[in-house]
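Structure record follows, encoded as structure tokens.
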Amino acid sequence: MRLYLLFISFVILFAGEVKAQRMVTGTVSDTKGEPLYGVTIAVKNGKHTAVTGLDGKYRIPVDNENAVLLFRYVGMEPYQTTVKGQVTVDVKMKDQTTQLAEAVVVSTGYQRLSRERSTAAFGFVDSTKLNRVMHKDILSALEGQVAGLRMDINPNTGEGSPVLRGVGTFSTSIGTKPLIVVDDMATDMELSEINLYDVESVTVLKDAAAASIYGALAANGVIVITTKQGKSEKTTVSVNADWYISTKPTFDAMHYASTSDIIDYETNVYNARVNSSGSVATLFNSFSRNYYSPLYQLYRDQAEGRITQDDVDRTLGQWRQNDYYNQYRDLVWRSAVTQRYNVSLSQKSQRSNHFASFNYEHDKNRVKNDNSDAFSIYLKSNFKLNKWLSIKLGIDTRFSNSQVPDYAYTNYNIQERYASIVDAQGNLVMTPYVNISGFAGGSLNGSAIADSQQQLASSDVLMPFSFNVLQSLDESLTQNRNLRMRPFVNVEAKFLKWFKYNLMFQYEWTQSRTEKYDEPNSYLMRMTHNALIDLDGVSQLPSGGRYRQTTNNTRRYTFRNQLNFEKSFLESKHHVNAIMGFELRENRAARPIEQQMYGYNDVALTSVRMDWASLNNVGVESLVYGNTVKLGGPATSQTEIFHRYASFYANVGYDYLYRYNITGSIRWDEADLFGLDTKNQHHPLWSVGAGWNISEEAFMKDFSWLDFLKLRLTYGVNGNVDQSSTTYFVARYRTENNDPTNTQYLRYTDDNLPNSRLRWEKTSTFNAGVDFRVLNNVLSGSLEFYNRVGDDLLVRKYLDSTLGATQRVINNGKMRNQGVELQLNANLLRTKDWTLSAGFNIAWNHNKMLRVEHSSTDIASNFITAPANYFVEGTSYNTLWAYRLSRVVNGYPVILDADGNEMATFDADGNPTEVQVSSTLKGTDALVNMGSLVPVYNGSLTLSLRWRELELNTLLVYAGGNKLRLDATDMNSYQMVTDHVNDHTVKHYYEMPTGSVAQQYASTFSEWWRYCDAQVKPADYIKMRSISMAYHLPEAVTKKLHIGQTRLTLQVNNLFYWSRVGHDIDPESYSLNSASRTLLQPKTFSIGFSTSF
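For what it's worth, this note's numbering labels the leading residue of the sequence shown as 48, then goes sequentially.
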């Protein structure tokens, strides 16, 4: 508050500097007389600038009657004129393709503002930057463009999700996703669903002054997308064709042990388990009919006299030559290919403006039979019905169709490394059994299958258990069809030049249908058929396939009424821009429709009626499994989600002499989450802000190198909506699956109890920012500082059981994010043949949980393995916790308890005599806070170099300040590990003592070593995200061909990276806390072609 008062005093102090100036006003329009919004006007050799409003009007102070005014606008030729003592100067500007960075007009979704008049913190990316290099979607196009916007990469999928200024909520249902606004209306669309070629610009609203107008939707920030429109009276057709090829990943960085080493490792584990069990029979009796590896089966067959040592040696010799992973890579994977084609048409006239686009995308993904197609249409038209009334109509439609094989077959580790897919002649190798179950029962071991085959030798009821992944990839396919439609309308009535009314409506409808057909002889159906063979030798599963269909629908509408006021007063010294309105929203996720059929004939489209009451509830006494096996039936309950919201809002901005800005906003949100009790609904969400265009002050005239300098201060409160909580008691009547008595019962959990004190999550944000341009726009940028505090956050609180529940999710949390963001843009070189520009940004964020509870009885390992669910006040969200390593004795790691005592004792020979289990440690007193799992800083560096018709663009991204664990596989003597054994594990195993005591405590020692502080390392990295080379067809050629700008682009993504930890660990392809590697992101090679006519 003191800083804010000081700022206001400073503004008043220098207000007296303006009295010697005169004001010039006017209107800027195009050649057709249409007013131009966002034109930049500057006084030549002076310090004053201005920007036109929605009506094309401007006002600017000049120092003398012969001042020269410069007019600049995106897409228009620069224009200059001398005032010559006039007080009104009207200008018409001509079209041109040159774009100037100075004219930045951003959209908040509710209004459009110039940077000079705004007090808010925002990031702006125009279509030129979005399409400078090739991107598959808007999300990847935004990476590295806006300081503070970080992409959180999922190591398993390689896909990113945006996080703006850190994590600000504990709620998993809210998450970190910013609100998406398209065509001025909030939407549930994913960024990946938006056609990048439809986008004119993207504005990222960061602070409360920018985002609080969205109230309880905006705590995670807002991404506002402005779509394209017609710019020329002549119909313009733009064509884009893009091809992306992603190489197959390699296993080099996974550091897997060789097949031979794995066999030796598993053999040693087998021998140790036999010794620990006392006999081979005892060991295998412990498995019953459950799965164990083919190597175990080989040794069992030898122990039981079915094969000799020579047979074992011969088989192992063959297996050592195999490499299932590389065969899978060669035979199942392929280079992923994406083809995208886009055609758009645009045209404008004095009374209308039209834009239409058609986009088709075809994907052949990495695994065979994994394909998808998507087709989208976007249509938008603006009609000026008369001088005071206009209407905008549009529709955005996307249809996608994909085919994917069963998920079980898409993992390359579904079989042991020593297995084979094909033999030396290329013939399919049918593995007798694998660790994949059907729809009933589980996976079996070889002896259990052999026993079943012997018992049913006289019958043909038993189907083969054999498996080959190439065969199965064709047998169980899933079809996903999705249709999304978003029609919208915006009616604008302009009652006066400075007063207008907008009525807006948007309707979103999505339908998804999933169909899966498992062929009668598919592996999954054969396993299910065998599992349901009863003691009489009859399978209770009818012959035929399995068909399952699920259909989901969602509907959402948004209705808005808004009044807009914008007017200048007293020789344009004072300018007021204000809006007010109300908004209604409704979200509905309709009841899903599900069908599940067995005995299905995909030609006749028939199925067999199932006795679900018997199969699902009673089950079948399975001859193969030796116990009761049940078959899951179709769902017997449905869920429908329905929410309504009402909002009232107002926003006002005041500008004096184009130097001093004051803004304010307020919004009330109401929702059905609060029931009839409205005491917690009417808390307003608001913001205030102040701006000072320092470069407009008279005392700044001598600083000729400074083009623009502005100071901004804002403070405000916005919020979040967690739809999983309500003031109502939520319960559901349930029926046991196909219970013949149809008995219903009421079901609920502690989280379904009413929360009478439910409130909005509130986030208060203070932001101080500086915008600048120097050296005739050679260098420009912004510097931001923010303090963001979330209060009344929904988080779990532990209760006395006498209150009716032991724990509840209530408004009891508090979290703070503090940070600094720097964004720089530089035009380093600009000549006739050469241009060189660069962009740099870096953001630092510090997160701290200020109020949160955890139970003193929670075991320490919970904080280690699940830091996103177990919180400690005073630490950061997603903290990496570790055991305190004391020493290593004879190869055994030893940790300390909360009092500093070692958790294990040893005899004189270094053998453990007593080992305490980790579960005796409670809370975090015995743990070490190693830092955050979330990057503390991140940023990017972009370079763009152009020589004549050649253009080179690069994007380098970096992040760090967080920590990770080195990978170390658990060595549990009672659990065979063969799928992801790495070379470190094999070495560690041979180095560890192998006595019976070591085996007894192997799991505990292994856990201590894996999760100790010595295993924690920095997770900093730098990655070359993209390098592209483009060739622009010379203008002389395009004119002869009667076409517009034409470009051919070659690009490569993920070319190389550097990580501080080394060990071939890429933090983007690594689970930082669980310490498990995933395949490195593959290199992607791209070709793009674009033209217009």
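Just so you know, even glycine gets a beta-carbon here, dropped at the ideal spot from N, CA and C.
6 Å CB neighbourhood of residue i in its chain, flanking five on each side removed
| i | result |
| --- | --- |
| Q553 | M232, F535, T605 |
| A815 | L760, F832 |
| D565 | S523, L571, M572, G592, R593 |
| A263 | D716, G766, V768, W807 |
| L1126 | P296 |
| L990 | A885, T1001 |
| M551 | N537, R607 |
| P1129 | S293, T294, P296 |
| N1100 | S1073, T1131 |
| N482 | Y338, S490 |
Cα-Cα separation, residue i to residue j
| i | j | result |
| --- | --- | --- |
| L974 | N948 | 13 Å |
| H901 | W928 | 15 Å |
| F918 | I1112 | 27 Å |
| G1135 | N389 | 11 Å |
| G170 | Y338 | 55 Å |
| I292 | L1097 | 12 Å |
| V1044 | N322 | Note that V1044 scores 46 on pLDDT, short of 50, meaning its location in the model is unreliable; the coordinates nonetheless yield the value given after this. So the two alpha carbons sit approximately 12 Å from each other. |
| M657 | N864 | 56 Å |
| V764 | P731 | 9 Å |
| T355 | T362 | 11 Å |
| A1122 | K281 | 59 Å |
| Y762 | F755 | 23 Å |
| L252 | A265 | 9 Å |
| K224 | Y312 | 45 Å |
| P82 | V98 | 12 Å |
| R1094 | T128 | 36 Å |
Residue i in three-state terms, based on DSSP
| i | result |
| --- | --- |
| Q1128 | coil |
| N937 | coil |
| W752 | coil |
| D137 | coil |
| K1086 | helix |
| K176 | helix |
| L999 | strand |
| S326 | coil |
| Y312 | helix |
| A487 | coil |
| L652 | coil |
| Y1117 | strand |
| I709 | strand |
| P452 | strand |
| W807 | coil |
| P341 | helix |
| L990 | strand |
Same chain only: Cβ atoms within 7 Å of residue i, ignoring 5 sequence neighbours per side
| i | result |
| --- | --- |
| T960 | T952, F953, D954 |
| P1081 | E996 |
| W545 | F612, E613, K614 |
| A258 | L252, A265, G268, V269, N765 |
| G1042 | Its pLDDT being 44, under 50, G1042 is placed unreliably by the model, and the measurement read from it follows with that caveat. Same-chain partners within the cutoff: N958. |
Interface flag, residue i vs chain D, CB-CB below 7 Å
| i | result |
| --- | --- |
| R1057 | Structure shown: chain D not included; a single protein chain is present. |
Sequence-distant residues of the same chain with beta carbon closer than 8 Å to residue i, five excluded per side
| i | result |
| --- | --- |
| V1141 | No information on residue 1141 is available, as it lies outside the stretch 48 to 1140 that the chain covers here. |
| Y1068 | Y1005, A1006, G1007, Y1104, W1105, S1106, R1107, D1113, P1114, E1115 |
| R931 | I942, L943, A973, L974, V975, C1059, D1060 |
Legend entry - beta strand (DSSP E) runs contained entirely in the stretch 379-436, provided each spans 3 or more residues: 383-395, 399-411, 418-431
Legend entry - Length-filtered (3 minimum) beta strand (DSSP E) runs lying within the stretch 820-888: For the stretch 820-888, whole beta strand (DSSP E) runs of length 3 or above, ordered along the chain, are 826-845, 854-877.
Inset, instruction - Check whether the stretch 328-339 touches the stretch 488-497, taking contact to mean three or more Cβ pairs, one atom from each stretch, closer than 8 Å. - result: yes
Legend entry - Every unbroken beta strand (DSSP E) within the stretch 582-636, with a cutoff of 3 residues, ordered by chain: 592-616, 621-636
Legend entry - Cβ pair count under 8 Å reaching 3, the stretch 99-114 against the stretch 71-79: Segments in contact, yes.
Inset, instruction - Output the residue ranges of the beta strand (DSSP E) runs that lie fully inside the stretch 896-954 and measure 3 residues or longer, sorted by chain position. - result: 926-930, 932-936, 939-942, 951-953
Inset, instruction - Quick one: which unbroken beta strand (DSSP E) runs of 3-plus residues sit fully inside the stretch 190-220? Chain order, please. - result: 196-200, 207-211
Inset, instruction - Please confirm if the stretch 156-176 is in contact with the stretch 619-637, defined as three or more CB-CB distances below 8 Å between the two stretches. - result: Yes, since at least three Cβ pairs between the stretch 156-176 and the stretch 619-637 fall closer than 8 Å, the two stretches touch.
Inset, instruction - Please confirm if the stretch 698-706 is in contact with the stretch 671-680, defined as three or more CB-CB distances below 8 Å between the two stretches. - result: no
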